[in-house]
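Participant:
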Amino acid sequence: MVDIAVLELYLPLINGAAVVLLCPEHTKDPLKLKAAITHHKISVMQATPSLWELIISQELTASDLRMLVGGEALPHSLAQRMLVSGSEVINMYGPTEATVWASTQNITLSIFNSPMSAAPIGQPMADYAMYVLDDSLSLVPDGVVGELYIAGPALAQGYINRPSLTAERFIACPFGTTG
33 MVDIAVLELY LPLINGAAVV LLCPEHTKDP LKLKAAITHH KISVMQATPS
83 LWELIISQEL TASDLRMLVG GEALPHSLAQ RMLVSGSEVI NMYGPTEATV
133 WASTQNITLS IFNSPMSAAP IGQPMADYAM YVLDDSLSLV PDGVVGELYI
183 AGPALAQGYI NRPSLTAERF IACPFGTTG
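Heads up: the sequence shown begins at 33 in our numbering, then just goes up one per residue.
1) Could you check what DSSP says for Q90 in three-state terms: helix, strand or coil?
2) Tell me which residue opens and which closes the beta strand (DSSP E) that Q4 is part of.
3) For L97, which of helix, strand or coil comes out of DSSP?
4) Mind checking who A150 pairs with in its DSSP beta bridge?
5) Can you name, in chain order, every residue of its own chain whose Cβ lies under 7 Å from the Cβ of M33, other than the five neighbours on each side?
6) Assuming S119 contacts S146 (C-beta within less than 8 Å), just tell me the rounded distance between them.
7) Mapping DSSP to helix, strand and coil, what is M157?
8) According to the Cβ coordinates, are A183 and Y163 closer than 9 Å?
9) Select from T198, A68, T140 the residue whose C-alpha is nearest the C-alpha of I122.
10) How many angstroms separate the CA atom of V76 from the CA atom of L100?
11) Using a threshold of 9 Å, state whether the C-beta atoms of H108 and A151 are closer than that.
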C-alpha cells in the first residue's frame with residue numbers, strides 16, 4: 033500500500049467519514065473529477081499541486097471543500113486560485129520516511145514572500161521536530177540555507193534491506209535524548 037493511501041483511507045474511516053473511491057478514468061479527467069467532487073459533496077481532498085491545477089482550471093467552486101496539498105511545491109498563483117475556489121487550503125509536507133506528513137501550513141496569501149515564491153511547509157505536526165542544519169549538524173540562523181532534518185516517533189527506522197543507505201540518511205538527533 034502506498035503511504036499516502038493509509039491516511040487517505042483510514043483517517044476518514046476512523047473518524048466516521050465516508051471515503052469516495054474513483055476509478056482511474058475519473059481521477060485523470062479534470063471534468064469528471066470536478067463532477068465527482070460536486071456530486072459526492074466531497075469535503076476533504078488531498079492532491080498534488082499538479083492535479084489541483086487541472087481541477088481548478090475547470091472553474092471549481094466548492095466553498096465547503098478543504099483542499100490538502102502535498103507532494104510538490106505549491107506556487108503562489110495556484111494557491112491564489114485555490115483560495116477563491118474552496119474554503120480552506122492546507123499545505124502538507126513530509127517525505128515517506130516521516131510517515132507521510134510532518135508539517136502543515138494553512139494557506140493565506142499573506143504567507144508568501146512574493147508572487148514568485150512557493151508556499152512554506154509550515155510548522156511541525158505534534159510529536160515532530162524539524163531542524164535546518166549545516167554540514168556539521170549545527171543549526172543555521174533564520175534565512176540561511178541548510179538541509180532539513182526531521183525527528184519524531186513516526187520517523188522510519190531506516191530502509192528495508194538497505195543498511196548503507198540507512199546509515200547515510202538516518203542519524204541520531206543531535207538535539208534530543210531519544211536519538
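All C-beta atoms, glycine included, are put in the ideal place defined by N, C-alpha and C.
Facilitator: Taking the structure as given:
1) Here residue 90 is taken as the residue at index 58 of the sequence shown, counted from 1. If DSSP states are grouped into helix, strand and coil, Q90 belongs with coil.
2) No answer is possible for residue 4: it lies beyond the span of the chain, which begins at 33 and ends at 211.
3) Counting from 1 along the sequence shown, the entry for residue 97 is found at position 65. Reduced to three states, the DSSP call for L97 is strand.
4) Indexing the sequence shown from 1 puts residue 150 at position 118. Per DSSP, P107.
5) Within the sequence shown, residue 33 is the residue found at index 1, counting from 1. Interpretation of M33 is limited by its pLDDT of 45, a score under 50 that renders its predicted location unreliable; the figure taken from the coordinates is listed afterwards. None.
6) For the purposes of this step, residue 119 is taken as residue 87 along the sequence shown, with counting starting at 1. For the purposes of this step, residue 146 is taken as residue 114 along the sequence shown, with counting starting at 1. Not a contact, Cβ separation roughly 25 Å.
7) As a working note, residue 157 is residue 125 in the sequence shown. Note: M157 maps to coil in three-state DSSP.
8) Here residue 183 refers to the residue found at position 151 of the sequence shown. Here residue 163 refers to the residue found at position 131 of the sequence shown. Yes, these two residues count as a Cβ contact at 9 Å.
9) What you label residue 122 is simply residue 90 of the sequence shown in a count that begins at 1. Checking every option, the nearest Cα to that of I122 belongs to T140.
10) In the sequence shown, the residue the question calls residue 76 occupies position 44. In the sequence shown, the residue the question calls residue 100 occupies position 68. In a straight line, the C-alpha of V76 is about 7 Å away from that of L100.
11) Taking the sequence shown and counting its residues from 1, the one referred to as residue 108 is at position 76. Taking the sequence shown and counting its residues from 1, the one referred to as residue 151 is at position 119. Yes.
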